[in-house]
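Trainee: First the structure, which I've put down as structure tokens, then a few questions once you've had a look.
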Amino acid sequence: MKTLEKKAAIVTGGGSGIGRAIALAYASEGAAVVVADIDEAGGKETVGLITRQSGQAIFVKADSSKPSDNEAVVKACVEKYGGLQVACNNAGIGGPAAVTGEYPIDGWDKVIAVNLSGVFYGMRHQIPAMLKSGGGAIVNIASILGQVGFRTASAYVAAKHGVVGLTKNAALEYADKKIRVNAVGPAFIKTPLIQKIDEKQLVPLHPIGRLGEPEEVANLVVFLSSDKASFITGGYYSIDGGYLSQ
Ligand code: NAP
């Protein structure tokens, strides 16, 4: 039996990298998937990859930093698939690289809007739909940088720490209402997001001796999204090749 059969799922930022791997993994576990992304071509490609394998998916163009777009994604899911049981708030950007005393204000605003407010706006609309659907599971994609700092990345680090706090709070509020909320914290994963950073500098940061693959993150997200994780809520789960144990 597939672990997400008869469930409808949303993945934000599902048009690339980790989000695409999660959307594919959700579909292969039987979920009907709403792929939301600001990148129409990438999002539609993910849907194509799913439907070619006989999975169910639709694309909704959405900017996760806009509350009304998040509302529209949830509405599309409920209209097409009759409810909402699973959501992964994954859309995110890296932002500028600069020390805090020189960090561009507009860059700060953008990173906080997409990486932190986007997760709140997502849950703000997903939770009411999940309550109507009888419960559900939310996984928010944080980062190892939701636990520790990283020079020149203050906006990203602050946003990801915020995602971890937001996750705990929502988990507390809905633990007795059949909605579980968890955060996943990847270390550096091979996706377009980190293309500009020299891999040779990143690999030694990981005791395991390599970067992660999007599919490895997706495996953890699928587990947390499924009923196999029925007693798990409010947690932060690193997937980091040992990065945080140093
Ligand atoms: P990615 O390959 O760049 O994919 C992110 C997707 O989100 C892209 O399709 C991107 O579109 C889209 N997106 C960007 N801004 C958006 C917005 N405002 N609304 C909706 N979609 C938007 O990145 P990734 O590495 O898979 O990252 C996914 C998540 O994992 C992010 O939250 C990231 O912070 C987190 N993460 C990544 C790593 C890593 O090393 N890769 C490590 C830890 C955590 P565009 O391509 O058009 O921008």
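Per the numbering used here, the sequence shown starts with residue 17, numbered consecutively.
Every residue, glycine too, gets a C-beta built ideally from N, C-alpha and C.
Please read all numbers here as calculations on a predicted model, not as lab measurements.
When you compare only the Cα positions, how much space is there between ALA171 and ASN106?
Mentor: In the sequence shown, residue 171 corresponds to position 155, counting from 1. In the sequence shown, residue 106 corresponds to position 90, counting from 1. Rounded to the nearest angstrom, the two C-alpha atoms are 17 Å apart.
Trainee: Please look up how many angstroms separate the CB atoms of SER242 and LEU20, rounded, as I've assumed it's under 8 Å.
Mentor: Residue mapping note: residue 242 aligns to position 226 of the sequence shown, counting from 1. Residue mapping note: residue 20 aligns to position 4 of the sequence shown, counting from 1. So it is a contact: roughly 6 Å between Cβ atoms.
Trainee: Just to confirm the assignment, what range does the alpha helix (DSSP H) spanning THR28 have?
Mentor: To locate residue 28, count along the sequence shown from 1; it is residue 12. No alpha helix (DSSP H) contains THR28, which is instead part of the beta strand (DSSP E) from 24-28.
Trainee: Report all residues from its chain with a CB closer than 6 Å to the CB of PRO112; omit the five preceding and five following residues, and keep chain order.
Mentor: The residue given as residue 112 occupies position 96 in the sequence shown. Excluding residues within five positions, the ones whose Cβ falls inside 6 Å are PRO120, GLY123.
Trainee: DSSP three-state label for VAL89, please.
Mentor: Position 73 of the sequence shown, counted from the first residue, corresponds to residue 89. DSSP places VAL89 in helix when its eight states are reduced to three.
Trainee: Report yes if the C-beta of THR28 is less than 7 Å from at least one heavy atom of ligand 1; otherwise report no.
Mentor: As a working note, residue 28 is residue 12 in the sequence shown. Within the cutoff, so yes.
Trainee: Tell me, please, whether the region 28-40 touches the region 86-104 by the rule of three or more beta-carbon pairs shorter than 8 Å.
Mentor: Yes, they touch.
Trainee: Considering just the uninterrupted stretch of the beta strand (DSSP E) at ASN105, what are its terminal residues?
Mentor: Taking the first residue of the sequence shown as position 1, residue 105 is located at position 89. ASN105 -> beta strand (DSSP E) spans 102-105.
Trainee: Does the region 158-175 touch the region 210-217, meaning 3 or more C-beta pairs lie closer than 8 Å?
Mentor: These segments do not touch.
Trainee: By the 10 Å Cβ neighbour count, where 16 or more other Cβ atoms means buried, how is THR67 classified, buried or exposed?
Mentor: Within the sequence shown, residue 67 is the residue found at index 51, counting from 1. Exposed, by the Cβ-count rule.
Trainee: Using three-state DSSP, classify ARG196 as helix, strand or coil.
Mentor: To locate residue 196, count along the sequence shown from 1; it is residue 180. If DSSP states are grouped into helix, strand and coil, ARG196 belongs with the strands.
Trainee: Could you give the uninterrupted runs of the alpha helix (DSSP H) lying entirely in the region 65-89, keeping only those of 4 residues or more?
Mentor: Runs found: none.
Trainee: Which residues in the same chain as LEU65 place their Cβ atom closer than 7 Å to its Cβ, once the five residues preceding and following it in sequence are excluded?
Mentor: On the sequence shown, position 49 is the one that residue 65 refers to. Result list for LEU65: LEU40, in chain order.
Trainee: Quick check: does the Cβ of SER80 come within less than 7 Å of any heavy atom belonging to ligand 1?
Mentor: Stepping through the sequence shown from its first residue, residue 80 is reached at position 64. Answer for SER80: yes, Cβ within range of ligand 1.
Trainee: Roughly how many whole angstroms lie between the Cα atoms of GLY117 and VAL89?
Mentor: Locating residue 117 in the sequence shown gives position 101, counting from the first residue. Locating residue 89 in the sequence shown gives position 73, counting from the first residue. Each residue's alpha carbon lies about 37 Å from the other.
Trainee: Look at VAL180 and TYR259 and say whether their C-beta atoms are less than 8 Å apart.
Mentor: Looking up residue 180 in the sequence shown gives position 164. Looking up residue 259 in the sequence shown gives position 243. Cβ atoms of VAL180 and TYR259: not closer than 8 Å.
Trainee: Tell me whether ASN86, by its Cβ, gets closer than 7 Å to a heavy atom of ligand 1.
Mentor: Residue numbering aside, residue 86 sits at position 70 when the sequence shown is read from its first letter. No - ligand 1 has no heavy atom lying nearer than 7 Å to the Cβ of ASN86.
Trainee: For MET17, count the other beta carbons within 10 Å of its own beta carbon; 16 or more makes it buried, fewer makes it exposed. Which is it?
Mentor: One-based indexing of the sequence shown puts residue 17 at position 1. The residue in question, MET17, is exposed, as its Cβ has fewer than 16 Cβ neighbours within 10 Å.
Trainee: From the DSSP output, which residues share a beta bridge with VAL13?
Mentor: Within the shown structure, residues of the chain are numbered from 17 to 262, placing residue 13 beyond reach of any answer.
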